[in-house]
């Protein structure tokens, strides 16, 4: 079964600093990989999605993620953090060979931004 | 982008009663809908997958008689929590997909059982 591991349940960075949220997947075959953001008491918003078309995936709000097969990683980065980036971030993997297959979520990382 | 709407966004019910949560795809026809549950400060756990016109497939450990899922049309799926108890209090989120395209998430429903 597919799974993802997010390292660090809480990450705190200063405004303007680099954001790095870590995610490792467990699969020998690259699945669909996702990063979602969740603001308090709201649903999920898709930040970006890996579909094997390109290893560096650019998403919304200045976020990007790089798929590294050798490291089974899909870390999320943003060069300069904004206060509005404070939220919960979930890495996720698709169970099947379709982005509409059921999605398995990581445990989440809460991102805090210090002024 | 595609819009998925959940209703209600918040609901409080008494222990022992049932509550229905609706998930609608507003601008597309969803062949597949997923229901997730999220406890405070935890991740989303898939409860079940439903395809229009067929019975839902429940994940291991999810009671199908307690969490009734109906996907009667291509734009509507409902989750009914029967005989709700305080431990059922949670954030419930649905997602909807058409064919092999991306799944879109609703805004979630906060259920509180008192």
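Protein chains in written order, with this note's numbering: chain A, 2 to 116; chain B, 307 to 420.
Even for Gly, the Cβ is constructed at its ideal location relative to N, Cα and C.
Query                                                                                                                     : Result
Any C-beta of chain A under 8 Å from that of residue 408(B)                                                               : yes
Test item: CB-CB of residue 58(A) and residue 49(A) under 8 Å                                                             : yes
Delimiting residues of the beta strand (DSSP E) encompassing residue 420(B)                                               : Looking at the DSSP string, residue 420(B) is not in any beta strand (DSSP E), and its letter there is neither H nor E.
Integer Cβ distance of residue 372(B) from residue 364(B), believed to fall under 8 Å                                     : At roughly 10 Å, the Cβ-Cβ gap does not stay under 8 Å, so residue 372(B) and residue 364(B) are not in contact.
Whole-angstrom distance between residue 79(A) and residue 312(B), CA atom to CA atom                                      : 31 Å
Beta-carbon gap between residue 75(A) and residue 34(A) smaller than 8 Å                                                  : yes
Cβ shell of residue 11(A) (< 6 Å), same chain only, five flanking positions each side left out                            : 111
Amino acids of chain B, ordered along the chain, whose beta-carbon sits closer than 8 Å to that of residue 9(A)           : Simply none; closest approach about 14 Å.
Beta-carbon proximity check, residue 353(B) vs residue 383(B), cutoff 8 Å                                                 : no
Within chain A, the residues that residue 349(B) reaches when beta carbons sit closer than 7 Å                            : 91, 106, 107, 108, 109
Beta carbon proximity, residue 25(A) to chain B, threshold 8 Å                                                            : no
Inter-residue spacing [alpha-carbon to alpha-carbon] between residue 17(A) and residue 349(B)                             : 28 Å
CB-CB length for residue 392(B) against residue 419(B), believed under 8 Å                                                : 5 Å
Short CB-CB distance (under 8 Å) between residue 42(A) and chain B                                                        : yes
Spatial neighbours of residue 323(B) in its chain, beta-carbon cut-off 7 Å, leaving aside the 5 residues before and after : 390
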